[in-house]
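Novice: The structure that follows is given in the form of structure tokens.
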Amino acid sequence: MFSVRDLRLPTAFTVIGASLFAISMGVQLTRFALAEMATGDEAPGNRLATWTHTPGIAVLARRHVISELGEAAGANERLAATAELLSRAPLDSGAWAMLATMRFASGAPMEKGVSALAMSNLTGPNEGRIMAARAVLALPLWRILSPAGRRWAVRDLVGGWAEVSEARHTVLRLSLGQQTAQTREEIRAALLLAGNGAGPIAAALGLGAALRDPASGGVGRGAAPGSIGTGGTR
50 MFSVRDLRLP TAFTVIGASL FAISMGVQLT RFALAEMATG DEAPGNRLAT
100 WTHTPGIAVL ARRHVISELG EAAGANERLA ATAELLSRAP LDSGAWAMLA
150 TMRFASGAPM EKGVSALAMS NLTGPNEGRI MAARAVLALP LWRILSPAGR
200 RWAVRDLVGG WAEVSEARHT VLRLSLGQQT AQTREEIRAA LLLAGNGAGP
250 IAAALGLGAA LRDPASGGVG RGAAPGSIGT GGTR
């Protein structure tokens, strides 16, 4: 039978080890912060190369590299940096959304961009800022989205609406304005059926005023309820 005295030494070593680990991580983070703030002509990927493989800091360093690359870097370089980040953090929903953006911008097959959006939705379905980013990308692709894809695109738009900037409002209005009348009506009907104040969102996007009667729970004129979930434009 062990006494309390017998446990003191192992407990002391455990506490000392945990403290040393915390101190070590603090020192590493401080050094990374100094490297992050450093300025110069050296590319961020080179300046932070040491940190992109450091346990506990690698994901943070890779995110910073991507943010610093910006539009000046080539599409392939940014795609590679994002893929490296996802290899370290496969559950990073923001990185999946970034990958989708880059795939669309680089002219990759549309299916690849949509699959990255689906992974973002799977790994972070309720993060407002990321929901907004996904909605802006997905809604104009309504005609090629699966029924499930359409559902999460609408849910993202409603759930992330507060995070959608005025500039993105304009982008969405212009993009939806170029869709066919049937596609616009399908999106509008899906929004109105979503409830939760989605009517004003439809109106803000130029899809018409909210005609749904909250008391009856029905859909007003032109809502085309039969078009929901059809999986495509007939």
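Sequence positions in the sequence shown follow the working numbering and run 50 to 283. Ideal Cβ placement from N, Cα and C applies to all residues, glycine included.
(1) Are the beta-carbon atoms belonging to arginine 222 and leucine 186 less than 8 Å from one another?
(2) Going by alpha carbons, who is nearest to leucine 190 out of Met151, Gly208, Leu166, Glu215?
(3) Leaving out the 5 sequence neighbours to the left and right, which residues in its chain are closer than 6 Å to leucine 128 when beta-carbon positions are compared?
(4) With DSSP as the reference, label valine 268 as helix, strand or coil.
(5) Nearest CA to the CA of glycine 177: which residue from Arg200, Leu206, Gly162, Met168?
(6) Compute every distance between the C-beta of leucine 221 and the non-hydrogen atoms of the ligand NAD, then say whether any falls below 7 Å.
(7) Can you round the beta-carbon distance between valine 213 and alanine 252 to whole angstroms, since I take them to be within the 8 Å contact cut?
(8) Measure the Cβ-Cβ separation of leucine 225 and leucine 188 and say whether it is below 8 Å.
(9) For a test of the three-state rule: what should DSSP assign to glutamate 176, helix, strand or coil?
Specialist: To lay it out plainly:
(1) Taking the first residue of the sequence shown as position 1, residue 222 is located at position 173. Taking the first residue of the sequence shown as position 1, residue 186 is located at position 137. No, the Cβ-Cβ distance between arginine 222 and leucine 186 is not below 8 Å.
(2) Counted from its first residue, the sequence shown places residue 190 at position 141. Considering only alpha carbons, the answer is Leu166.
(3) The residue given as residue 128 occupies position 79 in the sequence shown. Excluding residues within five positions, the ones whose Cβ falls inside 6 Å are Met151.
(4) Locating residue 268 in the sequence shown gives position 219, where the first residue counts as 1. Legend: pLDDT at valine 268 = 39, less than 50; position of this residue unreliable, value from coordinates given subsequently. Correct three-state label for valine 268: coil.
(5) Indexing the sequence shown from 1 puts residue 177 at position 128. Out of Arg200, Leu206, Gly162, Met168, Leu206 has the C-alpha closest to the C-alpha of glycine 177.
(6) Judged by which ligands are present, the structure shown has none, so any question about the ligand NAD falls away.
(7) The sequence position of residue 213 within the sequence shown is 164, counting from 1. The sequence position of residue 252 within the sequence shown is 203, counting from 1. Between alanine 252 and valine 213 the Cβ distance is about 14 Å, and since that is not below 8 Å, they are no contact.
(8) For this step, residue 225 is matched to residue 176 along the sequence shown. For this step, residue 188 is matched to residue 139 along the sequence shown. Taking 8 Å as the Cβ cut-off, leucine 225 and leucine 188 qualify as a contacting pair.
(9) Along the sequence shown, read from residue 1 onward, the residue named residue 176 stands at position 127. Residue state, collapsed to three classes: coil.
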